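In the numbering used here, the protein residues as written are 896 to 1465.
Read through the structure below, which is laid out as C-alpha cells, and then see the notes.
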C-alpha cells in the first residue's frame, strides 16, 4: 500500500457515504415543491395538521369526525416534523424519506456483515432503483414507514438468528416490530422470521444461533414487542372510556377489530385474483427483477447447501407472499416490506450478475428503447398530432401547459438516450440506472410544480377564498381531504362520512343562519338541481372534480339533492 493511502475500511466507508448522499438527493429531490396529492397523502397530512391545531395527538380526526382507519405513527411523525420545520410541504414527506434511507442502510449493513462491503452496497443499490421503492418513498404513504420499521425488525432478528446470539439486536428487532404495529398492523408480520429460523435450527443448519438456558432473554423479546403497543393502546383505551360516547367506542371497535383482523378476513376493497402479486414482483420491482434470472439458480444451489443467510429472508418473503395472497383485497404496496429482503438475498450474487454480458446488453437495450419511445411521445404530442393527449390535458384544465408537459417527456427521453450514449453497451447496467436517475430528477423538479394545482386542491381553495373574501366562513359539502387541508381562513365541515344529502341539509341550515357572512363550497355532483348555477360561482376543477361556491341566494328552497353520486356513502 502506498504511503498515506487510505485504508480499505476508509475507502469502503467513503463509498457507502457517497451512496447514501446520492440516495438522499434522489429520494429527497422535489420536497417542498408540491402539496399532498390524492388519494392518501392529503388524508394523512390533514389528520396530522389537525393534531397540531387541536393539541389532541391521541385521537386522530378527519374534520369533525374521528379517523380510525390507521394507527397514528405516521401522523405523529408528520406533526412532529412540522413542529420542528413549520412547513407542511416539507413535513408531510419527511417520514417516508427517513424510512427509505433507514431501509437502505440496514440492507447494506446486513450484506456487509454477512458477506462483504460490495455485496451490501450492490444490494442497497438494487433496492434503491427498484421502481416501487423509489415511487413509494417519494410519496407520503404509510407503507414506506411500515417497511422501514419492519426492515429494522428483520435486521435485529437476523443479527441474532444468524451468527449470534446478539440479544440487544434481538430486543431492538422485537421493539421495532411493535412500533410497526403502531404504524400499521402488519408490523407484527416481522415476527414470522421465527418460522424459518426455527426450521433451520431444527435441521441443524450452520451459522444458525443456538442457545441454552436463555428462556428469560427470549421472553424479553415479547416484552420489547408489547412495550410500544401498550404505551399507545393503554392510554387510548383509558381516555376513550373516560370521555365516553358512541363515537369513541366506535373508534376503538373499528381500529382494533374492523381495520385489522376483520379487514383481512373480509377484505372489501381492491379485489384481485390470487396470482395478483406475481406481476408485482416482476414489473414493480424492475430493474432489480432482471437479476432473478441469475439469482434463482444460485438461490437453489445455496438452499441445498443449507445457507441460512439466504434461506431466512427468502422464506420470510414467501410467507408474506402467501399471507397477502389469501384475502380477496390486495394492493401492490402490501408486499413492499419484502422488497428489502429480496435485495438482501441477492446480495452475494449481484456484482457477478451485473457483470454478465446478457444483463449489460439487456439493460442497454431497455435504456435505448425507453429513450426513443419517451422522446418520440413527447415530440409527437408537442407537434399537435395526439388528440387523445390533448383531451387528457383539457380534462385536467391544463391545456395551457401542454408544451411544458410534453417538454418534460422530451427531457426524460433525452436523459435515457444520453445515459445510453455515455455508458454504451459495455456498461449497460450503468446506462439504465443513469436513465432512471434522469427520469426521477426531471419528474421531481419539473412535474411537481407543474402538476401541483391539477393534482392538489391548493389552487382551487385559493380561488374559493379569494371569491368568498377573507372574513367569510366557508362550509364544505361533499368535500375531499385535500379541500380542508388546503383551505385558508374560517372553514366548517359537516362530516366526511355523512351522506351528501345529509351534509347538504345541515350546510344549508347553517348558511341560512348568517347568509351575509357564510358561503358553501360544493362538489358539483352533490348539488343536483338544488343550487341555481346562474347565481353561484364555478371555482374550478381539481382532481377531475368541479367545485362551486354558493351563497344563500343560489340555494333552491326546500330542495334536497339525491345521493346517487355519493361515492362516500357508507
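Glycine residues also receive a C-beta, built at the ideal position from the N, C-alpha and C atoms.
Nothing here was measured: the structure is a model prediction, and the numbers come from that model.
| query | Would DSSP call residue 1074 helix, strand or coil? | reply | helix
Using a Cβ-Cβ cutoff of less than 8 angstroms, which residues in the same chain neighbour residue 1207 once the five nearest sequence positions on both sides are dropped? 1053, 1056, 1057, 1088, 1091, 1092, 1095
Can you look up residue 1153 in the DSSP assignment and give me helix, strand or coil?
helix
Does residue 1409 come out as helix, strand or coil in the three-state DSSP assignment?
coil
Report the three-state DSSP secondary structure of residue 1450 (helix, strand or coil). Here residue 1450 carries a strand assignment [DSSP, helix/strand/coil].
With which residues is residue 1166 paired in a DSSP beta bridge?
Beta-bridge pairing links residue 1166 to 1224.
**Request:** Verify whether the separation of the beta carbon atoms of residue 1258 and residue 1237 is less than 7 angstroms.
**Result:** Going by C-beta atoms, residue 1258 is not nearer than 7 angstroms to residue 1237.
CA-to-CA distance, residue 1357 to residue 1382, given in whole angstroms
7 angstroms
- Task: Find the nearest neighbour of residue 1124 within the set 915, 1196, 968, judged by alpha-carbon distance.
- Result: 968
Check your understanding: Can residue 1085 and residue 1037 be called in contact, C-beta distance under 7 angstroms?
Key -> no
Taking C-alpha atoms, which residue in 1303, 1389, 913 lies nearest to residue 1272?
1303
ask   = What are the boundary residues of the beta strand (DSSP E) that residue 1000 is part of?
value = Not the beta strand (DSSP E): residue 1000 falls in the alpha helix (DSSP H), residues 989-1009.
Practice item. Could you tell me how far apart the beta carbons of residue 1103 and residue 1203 are, in whole angstroms, since I believe they sit closer than 8 angstroms? Key: At roughly 5 angstroms, the Cβ-Cβ gap stays under 8 angstroms, so residue 1103 and residue 1203 are in contact.
Original post:
Relative to the alpha-carbon of residue 1338, which residue among 1210, 924, 1432 has its alpha-carbon at the smallest distance?
Top reply: Of the candidates 1210, 924, 1432, the one whose C-alpha sits nearest the C-alpha of residue 1338 is 924.
query = For residue 940 versus residue 1380, is the C-beta spacing smaller than 7 angstroms?
reply = yes
| task | Kindly give me the distance between the Cβ atoms of residue 1369 and residue 1414, rounded to whole angstroms, as I take these residues to be in contact under 8 angstroms. | result | Between the beta-carbon of residue 1369 and that of residue 1414 there is about 5 angstroms, and that keeps the pair under the 8 angstroms contact cut.
For residue 1432, which residues does DSSP report across the bridge? 1444
*By how many angstroms is the C-alpha of residue 1042 removed from the C-alpha of residue 1392?*
29 angstroms
Measuring straight from C-alpha to C-alpha, what distance separates residue 963 and residue 1322? 50 angstroms
For residue 1250, report the span of its alpha helix (DSSP H) as first-last. Going by DSSP, residue 1250 is part of no alpha helix (DSSP H) at all; its letter is neither H nor E.
> So which of 1027, 1256, 1003, 1079 has the shortest CA-CA distance to residue 971?
Replying inline: 1079
Q.
Suppose you measure from the CA of residue 1116 to the CA of residue 997; what does that come to, to the nearest Å?
A. When the Cα atoms are used, residue 1116 and residue 997 turn out to be separated by approximately 22 angstroms.
Starting from residue 1148, trace the alpha helix (DSSP H) in both directions and tell me its first and last residue.
1141-1148
Compute the Euclidean distance between the alpha carbons of residue 1146 and residue 930, then round it to the nearest angstrom. Residue 1146 and residue 930 have their C-alpha atoms spaced approximately 28 angstroms apart.
| said: Assuming residue 906 and residue 1235 are in contact, meaning their beta carbons sit under 8 angstroms apart, how far apart are those beta carbons, in whole angstroms? | reply: Actually they are not in contact, since the Cβ atoms of residue 906 and residue 1235 sit about 25 angstroms apart, beyond 8 angstroms.
My output table needs one value for residue 1035: the three-state DSSP class, helix, strand or coil. coil
Exposure of residue 1170, with buried meaning 16 or more beta-carbon neighbours within 10 Å: exposed
- Compare the C-alpha of residue 1265 against each of 1310, 1205, 981 and name the closest. 1310
Report task. Would you mind reading off the limits of the alpha helix (DSSP H) that contains residue 1348? Result -> 1343-1350
Here's the rule: buried if 16 or more other CB atoms are within 10 angstroms of the residue's CB, otherwise exposed. What is residue 1248? buried
Once the 5 residues before and after residue 1106 are set aside, which same chain residues still bring their CB inside 6 angstroms of it? 1060
>> I want to know whether the stretch 1417-1427 touches the stretch 1339-1350 - three or more CB-CB distances under 8 angstroms.
In response: no
(message) Just to confirm, is the Cβ distance from residue 1346 to residue 1307 under 7 angstroms?
(response) Residue 1346 is not a Cβ neighbour of residue 1307, given a cutoff of 7 angstroms.
| said: Quick check: what's the CA-CA separation for residue 901 versus residue 1051? | reply: 31 angstroms
Beta-carbon contacts of residue 1454 that lie in its chain and below 7 angstroms, excluding the five residues immediately before and after: 1424, 1425
Assuming contact is defined by CB atoms lying nearer than 7 angstroms, are residue 1210 and residue 1006 in contact in what I supplied?
no
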